[in-house]
Amino acid sequence: MSQLRSIANIVKGSETSDGAGVRLRRYIASPELDMLDPFLLLDAFRSDNPDDYIAGFPPHPHRGFETVTYLLEGAMRHRDSAGHEGVIRSGGVQWMTAASGIEHSEMPEQVEGLLYGFQLWVNLPASKKMSPPRYQEFEPEQMAIEQRDENTRIRVIAGKTSGGVEGMVRQIDSAPLYLDVELKQGAEFTEQVAAGHNALIFLVSGELEVLADAPQPLLKAEQMAVLADGDAVNLKALQASRFLLIAGQPFNEPVARYGPFVMNTQEEIQQAFKDYRAGQFGSIK
Numbered sequence: 127m128s129q130l131r132s133i134a135n136i137v138k139g140s141e142t143s144d145g146a147g148v149r150l151r152r153y154i155a156s157p158e159l160d161m162l163d164p165f166l167l168l169d170a171f172r173s174d175n176p177d178d179y180i181a182g183f184p185p186h187p188h189r190g191f192e193t194v195t196y197l198l199e200g201a202m203r204h205r206d207s208a209g210h211e212g213v214i215r216s217g218g219v220q221w222m223t224a225a226s227g228i229e230h231s232e233m234p235e236q237v238e239g240l241l242y243g244f245q246l247w248v249n250l251p252a253s254k255k256m257s258p259p260r261y262q263e264f265e266p267e268q269m270a271i272e273q274r275d276e277n278t279r280i281r282v283i284a285g286k287t288s289g290g291v292e293g294m295v296r297q298i299d300s301a302p303l304y305l306d307v308e309l310k311q312g313a314e315f316t317e318q319v320a321a322g323h324n325a326l327i328f329l330v331s332g333e334l335e336v337l338a339d340a341p342q343p344l345l346k347a348e349q350m351a352v353l354a355d356g357d358a359v360n361l362k363a364l365q366a367s368r369f370l371l372i373a374g375q376p377f378n379e380p381v382a383r384y385g386p387f388v389m390n391t392q393e394e395i396q397q398a399f400k401d402y403r404a405g406q407f408g409s410i411k
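Residue numbers (the numbering used here): 127 to 411.
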């Protein structure tokens, strides 16, 4: 018998800016929610005003964690100090394991139109923080799709659904589940989520009811629900809805962070700054 997850709390997010002035809404690493182990940050950026995004995210370093960029609309060009360069397009994902250190940039490829996407920061265990950086990047047409029925379409980014469809992003230490789900009005959706893993739902559009043992508050568009523990979620779309379901295994380790570095101790943070100033992360040519 499945133990259905209920809503632990709803996070509405805080307006802020990052990079060179990109306007966004921050849900994790916000006044409402500091972190949700292993997730360190979740930003949503959505605007059709180029002034809100055109300055992008110029070169900056990372060490000790993973950055996940997923776009619903628009295009972003990325470059880094290891020589990687490409364009993330609508429906595409880049899962960058920064680990021991890299410098990268993400700049809008467009000069007008809607840019809508997410950046998720995922922690690494202490044993992997100084591993070599690596990438998993997939074009929209490469993404795994599960058409569960006429009412349910799932884009599987990471993890495996109960229907057996596995995302292209693999071999991630936090064993994540990252689904982009579209439901028609009135449709119900049930999915297994590993017990003990922290989980959230971000509602892109529509209105969702979380079905659990007790009545739950309705989830509105652009709200994030942190889910209580359990081994399954059961949702009903009161309107045609699209949402992200994200879960991962917590590491339960000390977290020390400052800006673009996430380690386990303050001494390791100080060393990261020293290494970056010494040029050990390389630089974008």
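Backbone N, C-alpha and C fix where the C-beta goes; we use that ideal spot for every residue, glycine too.
Consult DSSP for Ile298 and reduce its assignment to one of helix, strand or coil.
As a working mapping, residue 298 is identified with position 172 in the sequence shown. Reduced to three states, the DSSP call for Ile298 is coil.
Given this structure, state the Cα-to-Cα distance separating Thr287 from Phe377, to the nearest angstrom.
Translated into the one-based positions of the sequence shown, residue 287 becomes position 161. Translated into the one-based positions of the sequence shown, residue 377 becomes position 251. Roughly 22 Å between the two C-alpha positions.
Just reading off the alpha helix (DSSP H) that Ala398 is part of, what are its end residues?
Position 272 of the sequence shown, counted from the start, is the residue given in the question as residue 398. Element bounds for Ala398: Gln392 to Arg403.
Restricting to runs no shorter than 3 residues, where is the beta strand (DSSP E) found entirely within the stretch 209-257?
211-215, 219-223, 228-234 and 241-249
For Gly171, report the span of its beta strand (DSSP E) as first-last.
In the sequence shown, counting from the first residue as 1, residue 171 sits at position 45. Checking the sequence, you will find Phe at residue 171 rather than Gly. Looking at the DSSP string, the run of the beta strand (DSSP E) that includes Phe171 is Phe165 to Ser173.
Under the three-state DSSP convention, the category Pro176 falls into:
The residue given as residue 176 occupies position 50 in the sequence shown. It is helical.
DSSP on Gln268, reduced to helix/strand/coil?
Start at 1 with the first residue of the sequence shown, and residue 268 comes out as number 142. Gln268: helix per DSSP, three-state reduction.
What is the DSSP secondary structure of Phe328, reduced to helix, strand or coil?
Here the question's residue 328 lines up with position 202 in the sequence shown. Under the three-state reduction of DSSP output, Phe328 falls in the strand class.
Could you check the C-alpha separation between Gly289 and Glu272 for me, to the nearest Å?
Numbered from its first residue, the sequence shown carries residue 289 at position 163. Numbered from its first residue, the sequence shown carries residue 272 at position 146. In a straight line, the C-alpha of Gly289 is about 8 Å away from that of Glu272.
Is it buried or exposed for Gly138, if we count other Cβ within 10 angstroms and need 16 for buried?
The sequence position of residue 138 within the sequence shown is 12, counting from 1. Sequence inspection shows Lys at residue 138; the Gly mentioned does not correspond to that position. Flag for Lys138 reads exposed.
Taking only three categories from DSSP, how would you classify Val291?
For the purposes of this step, residue 291 is taken as residue 165 along the sequence shown, with counting starting at 1. It is coil, neither helix nor strand.
How would you call Met389, buried or exposed, if buried means at least 16 neighbouring beta carbons within 10 angstroms?
Residue 389 sits at position 263 when you count from the first residue of the sequence shown. The residue is buried, with at least 16 neighbouring Cβ atoms inside 10 Å.
What does the alpha-carbon distance come out to for the pair Asp160 and Ala398?
Mapped onto the sequence shown, residue 160 falls at position 34. Mapped onto the sequence shown, residue 398 falls at position 272. Their backbone Cα atoms lie some 22 Å apart in a straight line.
When DSSP labels each residue in this structure, what does Ala373 get in the three-state scheme?
Taking the first residue of the sequence shown as 1, we reach residue 373 at position 247. Strand.
With distance defined between alpha-carbon atoms, name the residue in Gly285, Gly200 and Ala225 nearest to Glu265.
In the sequence shown, residue 265 corresponds to position 139, counting from 1. Out of Gly285, Gly200 and Ala225, Gly200 has the C-alpha closest to the C-alpha of Glu265.
Please name the residue in Gly182, Pro251, Glu276 and Arg368 whose C-alpha comes closest to that of Gly374.
Start at 1 with the first residue of the sequence shown, and residue 374 comes out as number 248. Taking Gly374 as reference, the option from Gly182, Pro251, Glu276 and Arg368 with the minimal CA-CA separation is Pro251.
Quick test of your reading: Ala181 and Gly147, contact by CB under 8 Å. State the CB separation rounded to the nearest angstrom.
Locating residue 181 in the sequence shown gives position 55, where the first residue counts as 1. Locating residue 147 in the sequence shown gives position 21, where the first residue counts as 1. At roughly 5 Å, the Cβ-Cβ gap stays under 8 Å, so Ala181 and Gly147 are in contact.
Since His188 sits in a beta bridge, which residues does DSSP pair it with?
To locate residue 188, count along the sequence shown from 1; it is residue 62. Note: His188 sits in a beta bridge opposite Ile228.
Keeping to the same chain, check which residues put their C-beta closer than 6 Å to that of Gln262; ignore five residues upstream and five downstream.
Here residue 262 is taken as the residue at index 136 of the sequence shown, counted from 1. Around Gln262: Trp221 and Val295.
Using DSSP with H/G/I as helix, E/B as strand and the rest coil, what is Ser128?
Walking along the sequence shown from the start, residue 128 turns up at place 2. Assignment of Ser128 by DSSP, reduced to helix, strand and coil, places it in the coil class.
Which of helix, strand or coil DSSP assigns to Asp144:
The sequence position of residue 144 within the sequence shown is 18, counting from 1. Three-state result, Asp144: strand.
Reduced DSSP category for Lys286 - H, G, I as helix; E, B as strand; rest coil
In the sequence shown, counting from the first residue as 1, residue 286 sits at position 160. Here Lys286 sits in strand by DSSP.
Using CA atoms only, rank isn't needed, just tell me which of Gly190, Glu229 and Ala225 is closest to Asp206.
In the sequence shown, the residue the question calls residue 206 occupies position 80. Residue Glu229 is the option with its Cα nearest to Asp206.
Are at least three pairs of beta-carbons, each pair with one atom in the stretch 232-250 and one in the stretch 189-196, less than 8 Å apart?
In short, these stretches touch, since the Cβ pair count reaches three.
Spatially closest choice to Ala366 from Leu345, Pro380 and Tyr384, by CA coordinates
For the purposes of this step, residue 366 is identified with residue 240 of the sequence shown, where counting begins at 1. Nearest C-alpha to Ala366: Leu345.
State the Cα-Cα distance for the pair Arg189 and Gln406, rounded to the nearest angstrom.
Position 63 of the sequence shown, counted from the first residue, corresponds to residue 189. Position 280 of the sequence shown, counted from the first residue, corresponds to residue 406. Near 11 Å, if we compare the C-alpha coordinates of Gln406 and Arg189.
Compare the C-alpha of Tyr304 against each of Pro185, Gln318, Lys400 and Glu232 and name the closest.
The sequence position of residue 304 within the sequence shown is 178, counting from 1. The option with the nearest alpha carbon to Tyr304 is Gln318.
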